[in-house]
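Data block below; observations after.
Residue numbers (the UniProt record's numbering): 1 to 247.
What follows is the structure, given as structure tokens:
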């Protein structure tokens with residue numbers, strides 16, 4: 001297992017964000033985390049990325065081991081082996097988009113990471129925008145540059161938080177193919193998405209999180225034949241399942 005989380009618990013200002021969450025992820029797989037807003041999905045990704053610490057539990061990821069409570073940032077954060085693309089982005093407004101992409105990888109012209117970044121920008125069709133600043137392009141275009149920055153680091157674990165939210169249909173198709181290629185190369189991809197159709201098409205396994213608890217984990221078939229009553233309710237409310245299909 002490249003990711004092994006056990007008994008993760010997170011409480012913030014008296015609210016239980018995660019409650020005894022355990023999840024395993026293998027290399028060369030795509031895992032989708034679905035659930036309603038406020039379920040704790042983004043918090044789970046941030047803990048796996050080593051950005052936030054859990055209050056209880058343990059995490060083993062790409063050779064890094066954490067026993068909570070601890071602060072991964074101050075001890076031994078797994079970046080860039082584990083890289084997270086945030087839902088809210090993280091681009092420096094005073095740098096061009098190209099410099100934002102190159103910042104964590106260096107600017108050596110012949111460096112493999114630089115070549116990789118240039119390749120991904122070309123693949124997503126955003127190379128001509130690279131000299132602009134973040135406020136001069138759309139939210140979806142900014143998301144693509146943030147994604148290219150993460151991909152250029154060649155992480156063994158890639159975490160994606162709602163990356164399709166602001167991206168147009170054509171770029172979603174390119175993203176889907178990119179994720180498939182990464183999986184085939186052995187990268188573990190964990191993504192949070194409200195788009196059930198996207199999750200259906202791209203993932204190998206799905207975890208349903210609600211009110212900080214994992215209600216069901218399994219193959220992508222659980223989105224068509226859920227065993228958890230709560231997942232069934234969620235899919236019906238999302239118009240991804242009908243009452244007749246659950247009968």
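Using N, Cα and C, we set each Cβ at its ideal position, and we do this for glycine too.
Legend entry - Paired residues, beta bridge with residue 24 - DSSP: The sequence position of residue 24 within the chain shown is 24, counting from 1. Residue 24 is bridged to 4.
Inset, instruction - Within 10 angstroms of the Cβ of residue 141, are there 16 or more other Cβ atoms? Answer buried if so, exposed if not. - result: Counting from one through the chain shown, the residue named residue 141 turns up at place 141. Residue 141 counts as buried, since at least 16 other C-beta atoms from the protein chains shown sit within 10 angstroms of its C-beta.
Legend entry - Test item: CB-CB of residue 87 and residue 146 under 8 Å: Walking along the chain shown from the start, residue 87 turns up at place 87. Walking along the chain shown from the start, residue 146 turns up at place 146. No, the pair does not count as a contact, with Cβ atoms beyond the cut-off.
Inset, instruction - Can you check DSSP and say which residues form a bridge with residue 190? - result: For the purposes of this step, residue 190 is taken as the residue at position 190 of the chain shown. In the DSSP output, where bridge partners are listed per residue, residue 190 has 31, 159.
Legend entry - Helix, strand or coil at residue 57 [DSSP, three-state]: Here residue 57 refers to the residue found at position 57 when the chain shown is read from its first residue. Per DSSP, reduced to three states, the secondary structure at residue 57 is strand.
Inset, instruction - Using three-state DSSP, classify residue 219 as helix, strand or coil. - result: Taking the chain shown and counting its residues from 1, the one referred to as residue 219 is at position 219. The answer is strand: DSSP assigns residue 219 an E or B state.
Inset, instruction - Take every Cβ of the segment 47-58, pair it with every Cβ of the segment 27-39, and state whether three or more of those distances are shorter than 8 Å. - result: The count of Cβ pairs closer than 8 Å, one atom from the segment 47-58 and one from the segment 27-39, stays below three, leaving the stretches out of contact.
Legend entry - Contact belief for residue 199 with residue 63 at Cβ below 8 Å, rounded distance in angstroms: For the purposes of this step, residue 199 is taken as residue 199 along the chain shown, with counting starting at 1. For the purposes of this step, residue 63 is taken as residue 63 along the chain shown, with counting starting at 1. With 8 Å as the limit, residue 199 and residue 63 do not qualify as a contact, their Cβ atoms being about 28 Å apart.
Legend entry - residue 81 in three-state terms, based on DSSP: By 1-based counting over the chain shown, the position of residue 81 is 81. Residue 81 falls in the coil class under three-state DSSP.
Legend entry - Range covered by the alpha helix (DSSP H) that runs through residue 137: Locating residue 137 in the chain shown gives position 137, where the first residue counts as 1. Looking at the DSSP string, residue 137 is not in any alpha helix (DSSP H), and its letter there is neither H nor E.
Inset, instruction - Measure the alpha-carbon distance for residue 80 versus residue 155 and round it to whole angstroms. - result: To locate residue 80, count along the chain shown from 1; it is residue 80. To locate residue 155, count along the chain shown from 1; it is residue 155. A direct Cα-Cα distance of roughly 6 Å separates residue 80 from residue 155.
Legend entry - Identity of the residue in 120, 112, 113, 136 nearest residue 95 by Cα: Position 95 of the chain shown, counted from the start, is the residue given in the question as residue 95. Cα-wise, what sits closest to residue 95 is 136.
Inset, instruction - Measure the CB-CB distance between residue 150 and residue 192 and report whether it falls below 8 Å. - result: Numbered from 1 along the chain shown, position 150 holds the residue referred to as residue 150. Numbered from 1 along the chain shown, position 192 holds the residue referred to as residue 192. Pairing residue 150 with residue 192 gives a Cβ-Cβ distance that is not under 8 Å.
Inset, instruction - Over the uninterrupted beta strand (DSSP E) stretch that includes residue 207, give me the two end residues. - result: Translated into the one-based positions of the chain shown, residue 207 becomes position 207. Segment 205-210, the beta strand (DSSP E) holding residue 207.
Inset, instruction - Could you tell me which residues DSSP puts in a beta bridge with residue 65? - result: Position 65 of the chain shown, counted from the first residue, corresponds to residue 65. Partner(s): 60.
Inset, instruction - Consult DSSP for residue 15 and reduce its assignment to one of helix, strand or coil. - result: One-based indexing of the chain shown puts residue 15 at position 15. Here residue 15 sits in strand by DSSP.
Inset, instruction - Give the range of the alpha helix (DSSP H) segment to which residue 197 is assigned. - result: As a working note, residue 197 is residue 197 in the chain shown. Its alpha helix (DSSP H) spans residues 196-202.
Legend entry - Contact between the segment 167-183 and the segment 13-20 (3+ Cβ pairs under 8 Å): No, because fewer than three Cβ pairs between the segment 167-183 and the segment 13-20 fall closer than 8 Å, the two stretches do not touch.
Inset, instruction - Closer than 8 Å by C-beta to residue 83: which residues in its own chain qualify, once you throw out the five before and the five after it? Chain order, please. - result: Translated into positions along the chain shown, residue 83 becomes position 83. For residue 83, where only same-chain residues beyond five positions count, the Cβ hits under 8 Å are 49, 150, 153, 155, 157, 158, 159.
Legend entry - Start-to-end residues for the alpha helix (DSSP H) that takes in residue 94: The sequence position of residue 94 within the chain shown is 94, counting from 1. Careful: residue 94 lies outside any alpha helix (DSSP H) and carries neither H nor E.
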